[in-house]
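Undergrad: Chains as they are written, first to last, in my numbering: chain D, 16 to 479; chain U, 243 to 474.
Here it is, the structure in full.
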Amino acid sequence: MTFLGMPAGGGNLTGEPFPKAAKNTLANAQMRRNLAKATGTIRTKRANVVAELPDWADLRAAGAAIKDEVLANLDDYLVRFEEALTSRGTHVHWARDADEANRIITGLVQATGTREVIKVKSMATVEIGLNEALADVGVHAVETDLAELIVQLGNDKSSHILVPAIHRNRSEIREVFRREMPGVDPDLTDDPPALAEAAREHLRRKFLTVDVAISGANFGVAETGALVVVESEGNGRMCLTLPRTLISVVGIEKLVPTWQDLEVFLQLLPRSSTGERMNPYTSVWTGPTEGQTSHVVLVDNGRTATLADPDGRAALRCIRCSACLNSCPVYERTGGHAYGSTYPGPIGAVLSPQLTGVDKNPTLPFASSLCGVCYDVCPVAIDIPSMLVHLRERVTESKRTTPESTAMRAMAWAMSDARRWRRLIRLGKFGRVASRHVPLPGWTTARDLPQPPKETFRDWWESR
Amino acid sequence: MSARDEVLARVRRAKGPRDPAPVPRDYRAAGTRGPGDLDLFAERLRDYRALVRIVNADQVAETIAAALRDRGARRVVAAPGTPAEWTELSYPAGIFESRVPLGGDPREAEPTGTPDAASGPEVIRIPVDVDTLERTDAVVTACHVAIAETGTIVLDHDAADQGPRALTLVPDYHLVVVRADQVVAGVPDAVAALAGVRTQTWISGGSATSDIELERVEGVHGPRTLEVVIVR
Ligand code: SF4
C-alpha cells in the first residue's frame, strides 16, 4: 500500500524477502570478505576527506534544506526545468512508471535504427529494468562503467549503488573477463591496472562507433536546464560526447533549484561517495551540445508515493552517494543482493518500500538494527533510523508483518555488533539457533515453524 | 490525462507545505577566501598523480615544448584559441598542430600552422572523425577556472582556447595551461565563476576507477595522463 493510495513504482525494486535472500549471501564467505575489505577502505577515506572541511556540518545542513525546498515546490521546479530544457531544444518526456519509461526510451532508440546503445552508469535505468526492455526489442545495451560491465559480463546483479560489483574481488573479476570478454588476453593478471586496461580496450571501439547513448543524471538544474553527471573513469564523458543521440533518464527528485546550489552538492557528493576531494570528471551540459539530439525522460515510478508521506519523503533527498551502505554493519554482512532491490543498504531499506508500497517490501524496514551510523554519515541528513521505525509501523498497519520481518529484526541486531556477530559465527549455529527461537522460513532447513516465537532472538541472546 | 499532467497532479497532491525553512548557507561562501593557493593546488594535483610544472609567463612555450618532448608526442592538437606562441616552439621537435574550429560545420576545419612536411597536415573533424583524434598523441588547452582545495580544473567548451568536448577526451594525454589568476580557493568560487557556462568538464586528475576493491586505479577511458602547467 502506498501512501494516500498514490500509484506505486515498478521495475527492479522487489526481490525475495530479505531474510531468505540474506541466507544465501551470508553463506558466501568470499563475498563477505570482499565487502568488508572494500567498505573498510572507503570508510577511512571518507572520514579523512570529510574531516578536512571545517564547514562540513554547514554544507550538510544546506544540502538537506535545498532538497527539502525542491520537494516542497517540486511541481514548480519540474515545470521550470522542462521550460529551460525545451527552450534550448532538448526533447522532454514524462513517465508515470517503469513500464512507461521503458516504452518511451525503447521507442526513441528504435527510431534511430541502432541495434546497440552505450550506457553511462545510471541507477534509474537499473531500477526501471531498461536493459531488459531494450533486449526485448533486439537492442543490446553496453554498460560502460567498469563495475556495471563486470556485473553485465558476469551475468550478475548489482549489489551497491556506486560500485555495483563491490562483492567481487580482483581475481573473480579476472575470471569474469577471461571467460566473457571477447579477445581478452588469456594471460590477463588480476592486477587492477591490468583489469582496467582490459576494459579500456574492450570498450574503446564501442565509444567511437555506437551512435546512441543513455545516461542518468546526478543533478538537474531547474533554473537553467543544465544536467550534471559525476563520474570517475571517463566512460561518462565518452557516452555524453561522442554519440549523436543522447537520452538521459532522470528521476523527478534529482532537481536543484539554481546553478549556485551545486556549490553545495559538488562538495558533499565526491567526499561522501568515493572519499575523494573531487571525482575525476564531472560533465555539465545545457541543452543539446555540438550537434547532438538530446532527450530527457522524467520518471516518477513511485517517487510521488514517497513524497506523499510526510515522515518518509526525506528519502527523496538522497544523492546516491552510498556512504550509508559503506557504513552499515548489516549491509557489510549480508551484501546488497539480500535487499532484493536496485537500492540496497540503509537507503534501500527506506526507499524501496516507499517506491513500491510497503506491502511489496514488508521485510526491508526490519533489515536494520537502528544503530544510527547511516544518519551520521548521510550528506543530506536523512534520518534513516527514524524513518525505518515509521515504516515498520506502516508495515504493521498494513498487517503485513511476517515471521520473516520479526526474524530479520533479530538478525539485524546481531549483525550490528562485530563482537556479537563473531561470536555467533563461531558458534556456527546461527541458523539452528534462530530457527529454534524465531520462525524463519527460508533461513534454515526447518521449513515449517508455524507457531509464534516463545521468545525473540534478542531475548534469547541476552538471556545467555 | 497526459503523463506530464498526471505526474504534476500527483506531485501537487503529494507534496508538503509550500514554505519549508529557508536554506541556511553558513558554509564558506564564494569570494570569502581570497585567491587560490598555488602550492596547495599543485599538491592536490600531484595527489591525483597529475604532472605539474610551475613556471613564469615567459617560460610557457618552452615548457610546453619540453613537456611534449618528454612525452614523445608526435601529433599534437591545440585548441584553436590558444595563443599561437604556446606551440610555436614545438615545431622544431617535429610536432604539428591542427586547430579545431568552433561553430559552423566541423568538416570545414582547416589546419593552421606549419606541419612537419613528412607527416602532412591533418584536419580534425569533430564529431565526425574521432578517429583522427584517436591517432593524436596529445592535446593542449587553456582552462576557465581551477580550484586549489580540490585540485580541479574546469573547461568551458564554448571557449575557443578550450575546444569542443571530444578534443580533450579522446587523446591519451592532456596538457592544460592554468594562469595563477584562474585559481580560486574553493568549489563555491568556481561555481560562481562558471555561472552561465553551458558546457563544462570538471577534471581532477587523470581518468581513474575505484571499482576494483574500491582502490583508485589511474587510467581508464579518459586521458590517462594529465599535465598541468601553472603560470605564476
Ligand atoms: S541516504 Fe544519504 S548516505 Fe545514503 S546514499 Fe543517500 S545521500 Fe548517501
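Idealized CB from N, CA, C, for every residue including glycine.
Does D/Trp-428 get closer than 7 angstroms to chain U when you measure Cβ to Cβ?
TA: Position 413 of the first sequence, counted from the first residue, corresponds to residue 428 of chain D. No, no contact with chain U.
Undergrad: Beta-carbon of D/Ile-57 versus every beta-carbon of chain B: anything under 7 angstroms?
TA: Protein chains in the displayed structure are D and U, and chain B is not among them.
Undergrad: Identify whether D/Phe-445 lies in helix, strand or coil by the three-state DSSP scheme.
TA: Counted from its first residue, the first sequence places residue 445 of chain D at position 430. Here the model assigns D/Phe-445 a pLDDT of 49, short of 50, so the residue's position is not dependable and the matter cannot be decided.
Undergrad: For a minimum of 3 consecutive residues, which ranges assigned as the beta strand (DSSP E) are wholly contained in the segment 408-451 of chain U?
TA: Within the segment 408-451 of chain U, the complete beta strand (DSSP E) runs of at least 3 residues are 415-421 and 442-445.
Undergrad: Would you grab the beta carbon distance between D/Phe-96 and D/Gly-327 for me? Rounded to a whole angstrom, and I think it's under 8 angstroms.
TA: As a first step, residue 96 of chain D is located in the first sequence; it is residue number 81 there, counting from the start. As a first step, residue 327 of chain D is located in the first sequence; it is residue number 312 there, counting from the start. That belief does not hold up - the Cβ atoms of D/Phe-96 and D/Gly-327 are roughly 24 angstroms apart, past 8 angstroms.
Undergrad: Rounded to a whole number of angstroms, what is the C-alpha to C-alpha distance between D/Ile-397 and U/Arg-316?
TA: On the first sequence, residue 397 of chain D is found 382 positions in, with the first residue counted as 1. On the second sequence, residue 316 of chain U is found 74 positions in, with the first residue counted as 1. Their backbone Cα atoms lie some 53 angstroms apart in a straight line.
Undergrad: Closer than 7 angstroms by C-beta to D/Ser-174: which residues in its own chain qualify, once you throw out the five before and the five after it? Chain order, please.
TA: Taking the first residue of the first sequence as 1, we reach residue 174 of chain D at position 159. For D/Ser-174, where only same-chain residues beyond five positions count, the Cβ hits under 7 angstroms are Ile-181, His-182, Gly-350, Gly-351, His-352 and Pro-359.
Undergrad: Let me check you understand the geometry: is the CB of D/Cys-339 closer than 6 angstroms to at least one non-hydrogen atom of ligand 1?
TA: Here the question's residue 339 of chain D lines up with position 324 in the first sequence. The answer is yes for D/Cys-339.
Undergrad: Under 6 angstroms: does the beta carbon of D/Ile-57 sit that close to some heavy atom of ligand 1?
TA: Taking the first residue of the first sequence as 1, we reach residue 57 of chain D at position 42. Outside the cutoff, so no.
Undergrad: Does the segment 274-284 of chain D come close enough to the segment 76-91 of chain D that 3 or more CB-CB pairs lie under 8 angstroms?
TA: The segment 76-91 of chain D is in contact with the segment 274-284 of chain D.
Undergrad: Any beta carbon from chain D within less than 7 angstroms of U/His-463's own beta carbon?
TA: Position 221 of the second sequence, counted from the start, is the residue given in the question as residue 463 of chain U. So yes, U/His-463 belongs to the interface.
Undergrad: How long is the line joining the alpha carbons of D/Thr-140 and D/Arg-219, rounded to whole angstroms?
TA: In the first sequence, residue 140 of chain D corresponds to position 125, counting from 1. In the first sequence, residue 219 of chain D corresponds to position 204, counting from 1. Taking the straight line from one Cα to the other gives about 22 angstroms.
Undergrad: Out of D/Thr-357, D/Thr-256 and D/Ala-241, which one is the CA nearest neighbour of D/Ile-229?
TA: Start at 1 with the first residue of the first sequence, and residue 229 of chain D comes out as number 214. For the residues D/Thr-357, D/Thr-256 and D/Ala-241, the minimum Cα distance to D/Ile-229 belongs to D/Thr-256.
Undergrad: Got a sec: is the Cβ-Cβ distance from D/Val-64 to anything in chain U below 7 angstroms?
TA: For this step, residue 64 of chain D is matched to residue 49 along the first sequence. By this cut-off, D/Val-64 is not an interface position.
Undergrad: Looking at C-beta atoms only, is the number of pairs between the segment 451-460 of chain U and the segment 312-328 of chain D that lie closer than 8 angstroms three or more?
TA: Because the criterion of three Cβ pairs below 8 angstroms is not met, the segment 451-460 of chain U and the segment 312-328 of chain D do not touch.
Undergrad: Counting only the same chain and skipping the five closest in sequence on each side, list residues whose C-beta sits under 7 angstroms from that of D/His-185.
TA: By 1-based counting over the first sequence, the position of residue 185 of chain D is 170. It should be noted that the sequence gives Arg, not His, for residue 185 of chain D. Closer than 7 angstroms at the Cβ level, and outside the excluded window around D/Arg-185, lie Asp-205, Pro-207 and Leu-210.
Undergrad: Measuring only the C-alpha atoms, how far is D/Asn-376 from D/Val-365?
TA: Counting from 1 along the first sequence, the entry for residue 376 of chain D is found at position 361. Counting from 1 along the first sequence, the entry for residue 365 of chain D is found at position 350. C-alpha separation (whole angstroms): 10 angstroms.
Undergrad: Need the endpoints of the beta strand (DSSP E) that U/Val-319 sits in, please.
TA: Here residue 319 of chain U corresponds to residue number 77 of the second sequence, with the count starting at 1. Start and end: 317-320.
Undergrad: Going along chain U, which residues have a C-beta under 8 angstroms from D/Tyr-296?
TA: Along the first sequence, read from residue 1 onward, the residue named residue 296 of chain D stands at position 281. The answer, in chain order, is Thr-443, Trp-444, Ile-445, Ser-446, Ser-449 and Gly-464.
Undergrad: Does ligand 1 have even one heavy atom less than 6 angstroms from the beta-carbon of D/Ile-181?
TA: The sequence position of residue 181 of chain D within the first sequence is 166, counting from 1. No, Cβ of D/Ile-181 sits at least 6 angstroms from all heavy atoms of ligand 1.
Undergrad: Is U/Ile-389 closer than 7 angstroms to U/Val-433 when the C-beta atoms are compared?
TA: One-based indexing of the second sequence puts residue 433 of chain U at position 191. One-based indexing of the second sequence puts residue 389 of chain U at position 147. Contact: no.
Undergrad: Which residue spans inside the segment 71-130 of chain D form an unbroken alpha helix (DSSP H) run of at least 4?
TA: Those alpha helix (DSSP H) runs which fall completely within the segment 71-130 of chain D and span 4+ residues are 71-87, 89-103 and 113-127.
Undergrad: Is D/Arg-335 near ligand 3, in the sense that its beta carbon is under 6 angstroms from a heavy atom of that ligand?
TA: With respect to small molecules bound, the structure shown includes ligand 1 and not ligand 3.
Undergrad: Comparing C-alpha positions only, which one of U/Gly-428, U/Ala-272 and U/Leu-375 sits nearest to U/Ile-395?
TA: As a working note, residue 395 of chain U is residue 153 in the second sequence. For the residues U/Gly-428, U/Ala-272 and U/Leu-375, the minimum Cα distance to U/Ile-395 belongs to U/Gly-428.
Undergrad: For U/Pro-430, which residues in chain D fall below 7 angstroms Cβ to Cβ?
TA: Looking up residue 430 of chain U in the second sequence gives position 188. Result: Glu-278.
Undergrad: Which residue marks the beginning of the beta strand (DSSP E) containing D/Leu-313, and which one marks its end?
TA: Translated into the one-based positions of the first sequence, residue 313 of chain D becomes position 298. Here the beta strand (DSSP E) through D/Leu-313 covers 308-314.
Undergrad: Sort D/Gly-251, D/Ser-431 and D/Thr-224 by Cα distance to D/Asn-233 and report the nearest one.
TA: Working through the first sequence from its first residue, we reach residue 233 of chain D at position 218. Selected option, being the one with the closest Cα: D/Gly-251.
Undergrad: Taking 7 angstroms as the CB-CB cut-off, is U/Val-419 touching chain D?
TA: Counting from 1 along the second sequence, the entry for residue 419 of chain U is found at position 177. Output row for U/Val-419: interface = no.
Undergrad: Taking D/Trp-274 as part of the alpha helix (DSSP H), name the residues at either end of that continuous run.
TA: As a first step, residue 274 of chain D must be located in the first sequence, where it is residue number 259. Here D/Trp-274 belongs to no alpha helix (DSSP H), and DSSP marks it neither H nor E.
Undergrad: Quick one: is U/Pro-465 buried, meaning 16 or more other Cβ sit within 10 Å of its Cβ, or exposed?
TA: The residue you call residue 465 of chain U lines up with position 223 of the second sequence. By the neighbour-count rule (16 or more Cβ atoms within 10 Å), U/Pro-465 is buried.
Undergrad: At a cut-off of 6 angstroms, is D/Ile-362 close to ligand 1 when judged by its beta-carbon and the heavy atoms of the ligand?
TA: Locating residue 362 of chain D in the first sequence gives position 347, counting from the first residue. For ligand 1, at least one heavy atom lies less than 6 angstroms from the Cβ of D/Ile-362.
Undergrad: Using the Cα positions of D/Trp-109 and D/Gly-30, report the straight-line distance between them to the nearest angstrom.
TA: Within the first sequence, residue 109 of chain D is the residue found at index 94, counting from 1. Within the first sequence, residue 30 of chain D is the residue found at index 15, counting from 1. Cα to Cα, D/Trp-109 sits roughly 26 angstroms from D/Gly-30.
Undergrad: Does the Cβ of D/Gln-45 have 16 or more other Cβ atoms within 10 Å, making it buried, or fewer, making it exposed?
TA: Here residue 45 of chain D refers to the residue found at position 30 of the first sequence. The residue in question, D/Gln-45, is exposed, as its Cβ has fewer than 16 Cβ neighbours within 10 Å.
Undergrad: To the nearest whole angstrom, what separates the beta carbons of D/Gly-302 and D/Arg-103, a pair I think is in contact under 8 angstroms?
TA: As a working mapping, residue 302 of chain D is identified with position 287 in the first sequence. As a working mapping, residue 103 of chain D is identified with position 88 in the first sequence. With 8 angstroms as the limit, D/Gly-302 and D/Arg-103 qualify as a contact, their Cβ atoms being about 3 angstroms apart.
Undergrad: Can you tell me where the alpha helix (DSSP H) holding D/Gly-360 begins and where it ends?
TA: Counting from 1 along the first sequence, the entry for residue 360 of chain D is found at position 345. Looking at the DSSP string, the run of the alpha helix (DSSP H) that includes D/Gly-360 is 360-371.
Undergrad: Output yes if chain D places a C-beta closer than 7 angstroms to the C-beta of U/Asp-453; else output no.
TA: Here residue 453 of chain U refers to the residue found at position 211 when the second sequence is read from its first residue. Cβ-Cβ to chain D under 7 angstroms: yes for U/Asp-453.
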